[in-house]
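According to the numbering used here, the sequence shown is numbered sequentially starting from 14. We put the CB at the ideal spot given by N, CA and C, even for glycine. On a predicted model such as this, the values are computed, not experimentally measured, just so you know. Here's the structure, in structure tokens; my notes come after.
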Amino acid sequence: MVTEPNLYQEPNHDFVPKIIFVDLDGTISYNPQEPEFADRHADYSKAEPIPERIEHINRLYDEGHHITIWTARGCVSGKDYYPMTEQQLEDWGVRYTDLQVGNKPHFDMYICDKSYNSESYFQRLGQGLP
Numbered sequence: 014m015v016t017e018p019n020l021y022q023e024p025n026h027d028f029v030p031k032i033i034f035v036d037l038d039g040t041i042s043y044n045p046q047e048p049e050f051a052d053r054h055a056d057y058s059k060a061e062p063i064p065e066r067i068e069h070i071n072r073l074y075d076e077g078h079h080i081t082i083w084t085a086r087g088c089v090s091g092k093d094y095y096p097m098t099e100q101q102l103e104d105w106g107v108r109y110t111d112l113q114v115g116n117k118p119h120f121d122m123y124i125c126d127k128s129y130n131s132e133s134y135f136q137r138l139g140q141g142l143p
């Protein structure tokens with residue numbers, strides 16, 4: 014006897030989607046021109062994706078979280094990097110809800126009770142920690 018698969022899944026009423034802002038350069042991409050990622054202008058067209066990090070962000074998106082890619086590209090120079098950044102994200106297969114380019118403030122230190130350092134965050138994931 015062949016049974017039809019159950020395509021209906023009970024909704025998880027405990028799930029609360031999060032609003033997650035994800036930095037671009039130095040977080041889900043790197044620039045070979047700046048191997049130690051310096052906080053200064055680089056040729057963003059040379060940025061390369063970090064596939065395993067993008068896969069993680071895509072999973073968060075697929076789970077139903079609101080993902081905003083937030084980058085300071087152009088905030089100091091005033092150059093519009095939106096079209097190039099949007100194309101890179103498409104080429105790299107990044108799934109997101111919103112893209113914010115050039116409106117992230119340029120700063121030397123960010124102190125916030127809800128922040129994660131990207132390196133610590135992805136290292137914890139690699140160790141299977143929450």
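Annotation for Asp75: the continuous alpha helix (DSSP H) segment containing it runs Pro64 to Asp75. Look at Phe34 here: in three-state DSSP terms it is strand. Sequence-distant partners of Thr81 (beyond 5 residues in either direction) whose C-beta falls short of 8 Å from its own C-beta, in its chain, are Ile32, Ile33, Phe34, Val35, Tyr109, Thr110, Asp111, Leu112 and Gln113. For Thr110, the secondary structure class from DSSP, reduced to helix, strand or coil, is coil. In the three-state reduction of the DSSP assignment, Tyr129 falls in the coil class, being assigned neither a helical nor a strand state. In terms of Cβ geometry, Tyr95 and Gly106 do not form a close pair [threshold 9 Å]. The beta carbons of Glu65 and Tyr43 sit about 12 Å from each other, so the pair does not count as a contact at 8 Å.
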